[in-house]
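Inspection log for the structure reproduced underneath, given as structure tokens.
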């Protein structure tokens, strides 16, 4: 498994872990039992992992979201005003896209300082897409070379 894929898988697993712990805490507050987390089977976890993976890929596959993610992956941190200028989205649309990326764990946002960063998962996914795109472009160039006789 490539390092980027391992980083992305780990980050998604940790995001799901945090969600599961939040649900477990809510379950304990509501029912006092904490039975929900204990009742989760391997199939439940696999289904959640697949759903999170597909949701993450779907969000990152959007061209505006990918441009945003790619820009964030190349910077330590950016304000929403800087991002607005860099990616050409209006502030409302930009904030909604940032929120989507934050929900799946590809970005983080500090509301107090108005700074947005790519997470380890976001940087890994941007790197994977970039590597796949580069390799595809190279293979396409090879496939389109004239055949000499």
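In this note's numbering, the protein residues as written are 3 to 151. Idealized CB from N, CA, C, for every residue including glycine.
Limits of the unbroken beta strand (DSSP E) element including residue i
i	result
residue 111	109-112
Which residues DSSP lists as bridging residue i, in chain order
i	result
residue 120	109
Residue from the options whose Cα sits closest to the Cα of residue i
i	options	result
residue 12	76, 34, 54, 44	54
residue 62	130, 136, 145	130
residue 9	89, 132, 146, 126	126
residue 64	45, 137, 128	128
residue 72	89, 81, 39	89
residue 114	81, 138, 144	81
residue 70	24, 124, 116, 26	124
residue 108	78, 74, 97	74
residue 50	21, 149, 96	21
residue 5	141, 149, 122	122
residue 40	133, 32, 26, 106	26
Where residue i sits in the DSSP three-state scheme
i	result
residue 79	coil
residue 149	coil
residue 129	helix
residue 137	helix
residue 115	coil
residue 85	helix
residue 66	helix
residue 2	Shown here, the chain extends from 3 to 151; a query on residue 2 therefore has no answer.
residue 71	helix
residue 142	helix
residue 91	coil
**Study point:** beta strand (DSSP E) runs wholly inside the stretch 4-50, at least 3 long, in chain order
**Key:** none
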